[in-house]
Amino acid sequence: MMDKDKYAIIDIGSNTIRLVIYTRDKSGRLTETENVKAVARLSSYLSESGSMEDEGIDVLVNTLKSFQEVTRHHNLDEVKCVATAAVRQANNQQAIVARIKKETDFDIRVLSEYEEANYGFLAVVNSTPFESGITVDIGGGSTELTFFENRKLIYFYSFPFGALSLKERFVKGDMPTGDELKKLRAFLKEQFQTLPWLKDKKLPLIGIGGSARNMAQVHQEYIEYPLAGVHQYKMSAADVKMVNKMLLSMDFQEIQRVEGLSKDRADIIIPAIEVFTCLMDYIKADVFALSRKGLRDGVFYEQLTKDFEMPIFPNVVEESFYELAIDYDINLKHASQVSTNAMMMLHELEKHGIGPISQKDEKFIRLGSSLYNLGSYIDAEASHQHTFYLLANRTIDGLLHKERLTVALIASFKNKELFKRNAALYQDWFGKDELSKYSLFGSIVKLAYSLNATKRDIIQSITVEPEGGDLVFQILCNNDWGPEQYQAEKQKKHLEKQLKKSIELKFIRKK
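Adding 21 to a residue's 1-based position in the sequence shown gives its number in our numbering.
What follows is the structure in structure tokens.
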């Protein structure tokens, strides 16, 4: 019997073949539970006549047979199996597909250039905050580029070269010589100039696939990056050039030992980074961002959104919030009331000089208050530490790493001292003014949370009026406020310290 909560895809790339099994969790989200990879380098078996040699087909079939053992063990009858450039470019494609159908459990679907590029685009717009950008997915035998604007795909193009085929064409040994690099760079420049829609776009370049991921990992290891995860990781154009320069200064044995780089990519990482460097120059991008979600995820998004008019989530961060809410048993009604309380206080305090408040600030307050005390799911006593650790180290689609950390600092606020300790490791990330602002937001959220201590949603409105040098909070309630008043009186000191003003809480019964 097929396991209905598991879903698998086999991605037959030009460099690697990968089987990924996803399991549906309690939020309905498909999370990766198995990831099996084989380095097959299929594009190296394409002959001059354009056919895939028998030896290459044997490698492909034998790899699929070994994957079959895994899919049978998991009772997976329907496995999506997609192939990209190496099979697409082979003029004996039909014979390859027929042989796989005959000798294995799998029916393979050979993706067109458009489908491959579009799945990458879907993965990026459904899992990152970028509204507009250029995506690049460099495989072994092809490089897919897209330009999207306002989350709509505008142009796409597939170049018939990838990291592996560039290495075979331009680099004779393990490492490129100066002359080989010159020729490779001239070739890439010439190729990208055939696409005028790319020139001077000044948009982020978003990298998809193993080579982009490896480059980001190498950079993270080099700078001793303190956060977990590479999805939505950002590098500057100078960072990309620095990684390239560092790798070019090494011999091949040293490259094989570089932390963050898969050993099986050691010989093709430099051609791949040359592609990123050349592209960034051509589009005048100052940001390279990594999307860990790619083609396989795009196939899923198409499946998950088949009832939508467009296979695009309306709001990436909202989707992520609902996943967090289910994973950590967040009471959505309570979270909404805490968020409302916090926003009312924020806007009232803005009238009295704590502003101006930007849209981004509002986003941080909404998320920080909705996720406040999330760590109590693990342990109520050490809730604040758990809240900070969980949010700082979990990938949250739609939030860049610094934004994720900001939300973690606000949502875990207990007092100014703990806030400083949590922020200490990341002090280079924030200016002094930013830290004092987020500490203030944390104290607003803590007070907003105490005003819904019994989860009865009794607060109707909050207004703030100055009285002498102090502030009076008038809190309109639709029910008895005793427990809320007790908690709020205890917690207001944190906000008083931030504002350097005394706060009087006046609770009023709604008539």
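The C-beta atom is built at its ideal place from N, Cα and C for all residues, glycine as well.
- Straight through space, the alpha carbons of residue 63 and residue 81 are spaced by roughly 8 Å.
- Counting along the chain, residue 294 sits inside the alpha helix (DSSP H) bounded by residues 290 to 304.
- Within the same chain, and ignoring the five residues on either side of residue 89 in sequence, the residues whose Cβ sits closer than 7 Å to its Cβ are 125 and 126.
- Look at residue 312 here: in three-state DSSP terms it is strand.
- Contact check for residue 249 against residue 394 fails: the beta carbons are separated by 8 Å or more.
- Looking at the backbone, the Cα of residue 290 and that of residue 46 are separated by about 35 Å.
- Contact between residue 159 and residue 184 is confirmed by a C-beta separation of about 6 Å, below the 8 Å threshold.
- Residue 432: member of the alpha helix (DSSP H) spanning 422 to 432, first to last residue.
- Here DSSP, grouped into helix, strand and coil, assigns residue 118 to helix.
- Taking C-beta atoms under 8 Å as the contact rule, residue 320 and residue 103 qualify, at a distance of about 7 Å.
- Counting C-beta atoms within 10 angstroms of its own C-beta, residue 387 has 16 or more neighbours from the protein chains shown and is therefore classed as buried.
- Residue 161 places its beta carbon less than 8 Å from that of residue 36.
- Residue state for residue 173 is assigned as strand, using DSSP reduced to three classes.
- Scanning its chain for C-beta atoms nearer than 6 Å, with the 5 sequence neighbours on each side dropped, one finds around residue 287 the residues 276 and 277, in chain order.
- As computed with DSSP, residue 482 is found in a beta bridge with 497.
- In the three-state DSSP reduction, residue 271 falls in the coil class, being neither helix nor strand.
- Residue 66 is classed as buried because its beta carbon has at least 16 other beta carbons within 10 Å across all chains shown.
- In chain order, 378 place their CB closer than 6 Å to the CB of residue 371, counting only its own chain and leaving out the 5 sequence neighbours on each side.
- In this structure, the alpha-carbon of residue 273 lies about 53 Å from that of residue 356.
- With distances taken between CA atoms, residue 345 lies nearest to 408 out of 293, 408 and 465.
- Each of 502, 300, 469 and 139 was checked against the Cα of residue 513, and the nearest Cα belongs to 469.
- DSSP links residue 487 through a beta bridge to 492.
- Shown here, residue 365 sits in a helix according to DSSP, grouped into three states.
- Contact between residue 229 and residue 157 holds: their C-beta atoms lie close to 7 Å from each other, under 8 Å.
- When the alpha-carbon of residue 491 is set against those of 523, 482, 511 and 503, the nearest one is in 523.
- Note on geometry: alpha-carbon atoms of residue 335 and residue 421 lie some 18 Å from one another.
- For residue 404, the uninterrupted alpha helix (DSSP H) run begins and ends at 404 to 414, by DSSP.
- Of all alpha-carbon atoms in 77, 339, 26 and 60, the one lying nearest the alpha-carbon of residue 54 is that of 26.
- Taking a 10 Å sphere around the C-beta of residue 175, we find fewer than 16 other C-beta atoms and assign the residue as exposed.
- If you draw a straight line from the Cα of residue 231 to the Cα of residue 341, it comes to about 24 Å.
- Here DSSP, grouped into helix, strand and coil, assigns residue 67 to strand.
- Two segments are said to touch when three or more pairs of C-beta atoms, one from each, lie closer than 8 Å; by this definition the region 133 to 140 does not touch the region 209 to 217.
- Residue 70 and residue 193 have their C-alpha atoms spaced approximately 21 Å apart.
- In the same chain as residue 253, and ignoring 5 residues on each side of it, the C-beta atoms closer than 6 Å to its own belong to 149 and 421, in chain order.
- When rounded, the separation of the alpha-carbon atoms in residue 180 and residue 223 is 21 Å.
- In the three-state scheme derived from DSSP, where H, G and I count as helix and E and B as strand, residue 43 is classed as strand.
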